[in-house]
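A.B. asks:
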Amino acid sequence: MHSAAVERTDTVDSSLADAVIDLALRGMWRGTQESVHRPLVDAGLAMVKGPMVLPTERAKQAAAQMLRIPAGSENEGRLTAVYEAFLPVNRKVREVCTAWQCRPDGTVNDHGDSVYDAEVRELLEDVHEAIQPVLRRLERLLAGSGRYLTALEEALGRFDDGGPQWLASPLCDSYHTVWMRLHQELLLVLGISRAEDEAREERLVRGGRG
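If you count the sequence shown from 1, position 54 lands on 532 in my numbering, and the numbers rise without skipping.
(1) The alpha helix (DSSP H) that contains leucine 523, what's its start and end?
(2) Once you ignore the five residues that flank isoleucine 547 on each side, which residues in its own chain have a CB closer than 6 Å to its CB?
(3) Would you mind sorting cysteine 650 into buried or exposed? The rule is 16 or more other CB atoms within 10 Å of its CB.
(4) DSSP three-state label for methionine 506, please.
(5) Which two residues bound the contiguous alpha helix (DSSP H) that contains leucine 616?
(6) Under a Cβ-count criterion, where at least 16 other Cβ atoms within 10 Å of its own Cβ denotes burial, should alanine 537 be classed as buried or exposed?
(7) What does the alpha-carbon distance come out to for the pair glycine 590 and cysteine 575?
(8) Relative to the C-alpha of valine 567, which residue among Val612, Glu512, Leu630 and Ala596 is closest?
(9) What does DSSP give as the partner residue(s) for proline 517 in the beta ladder?
(10) So for proline 566, helix, strand or coil by DSSP?
(11) Excluding the five sequence neighbours on either side, which residues of its own chain have a C-beta within less than 7 Å of the C-beta of tryptophan 644, listed in chain order?
(12) Relative to the C-alpha of aspartate 520, which candidate in Leu494, Ala549 and Ser551 has its C-alpha closest?
(13) Would alanine 502 pass as a contact of alanine 541 if the rule is Cβ separation under 8 Å?
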């Protein structure tokens, strides 16, 4: 599933590795059957809080180790270029989700203004068109990453079919939820911290505006 990663760490049983990576990328599971998450809980890789299953720090570290590609490798350089193409679009998708949830004056968007919602949908279309070539480049470099474009298109289709939650809800595989998993995988694959990520995005966005 993640063949671009370095050799799997021996701190996680190989039978649990894909589940650990999935949980770390998603940030949480909700409503999973106990038979799915119990092995991770027993191994100290997950904790249950109400209806949610969360990764432990050990799970996060193990996922980062399993996904990280060799530092300084040729593939790291190519993936970094894709990541830097992703970041300006990442800023735009956050702006679209904010616009969908809140009006420009800061009030909650009650979706009573169809013209405003249509304008937001046009902005989302711009984002989707911009990310497609980036994801196609990524698919050639990172095994399994083709699933992101498929999932984004599925979420977009459900959104257009009248499901407003499919844009930004964290309770389903919405456009934004899938996008966040993609972002997280890029960070883990390249070993980039959130602070570095935010600084680099700001630098690239400012450079693009200049």
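Yeah, the Cβ is synthetic: ideal placement off N, Cα and C, and Gly gets one too.
C.D. replies: According to the structure data:
(1) The residue you call residue 523 lines up with position 45 of the sequence shown. Here leucine 523 belongs to no alpha helix (DSSP H), and DSSP marks it neither H nor E.
(2) Locating residue 547 in the sequence shown gives position 69, counting from the first residue. Result list for isoleucine 547: Ala482, Asn553, Glu554 and Val667, in chain order.
(3) On the sequence shown, residue 650 is found 172 positions in, with the first residue counted as 1. Cysteine 650 should be labelled exposed.
(4) Position 28 of the sequence shown holds residue 506. Note: methionine 506 maps to coil in three-state DSSP.
(5) Sequence index remark: in the sequence shown, residue 616 carries index 138 (1-based). Its alpha helix (DSSP H) spans residues 592-619.
(6) Along the sequence shown, one-based indexing puts residue 537 at 59. Alanine 537 counts as buried, since no fewer than 16 other beta carbons sit within 10 angstroms of its beta carbon.
(7) To locate residue 590, count along the sequence shown from 1; it is residue 112. To locate residue 575, count along the sequence shown from 1; it is residue 97. Their backbone Cα atoms lie some 17 Å apart in a straight line.
(8) As a position in the sequence shown, residue 567 is number 89, starting the count at 1. It is Val612 whose Cα lies nearest to the Cα of valine 567.
(9) Counting from one through the sequence shown, the residue named residue 517 turns up at place 39. The partner list for proline 517 (beta bridge, DSSP) is empty, contrary to what the question assumes.
(10) Here residue 566 corresponds to residue number 88 of the sequence shown, with the count starting at 1. The answer is helix: DSSP assigns proline 566 an H, G or I state.
(11) Position 166 of the sequence shown, counted from the first residue, corresponds to residue 644. Ala633, Arg636, Phe637, Cys650, Ser652 and Tyr653.
(12) Here the question's residue 520 lines up with position 42 in the sequence shown. Aspartate 520 has its Cα closest to that of Leu494, out of Leu494, Ala549 and Ser551.
(13) As a working note, residue 502 is residue 24 in the sequence shown. As a working note, residue 541 is residue 63 in the sequence shown. Yes, Cβ-Cβ distance for alanine 502 and alanine 541 is below 8 Å.
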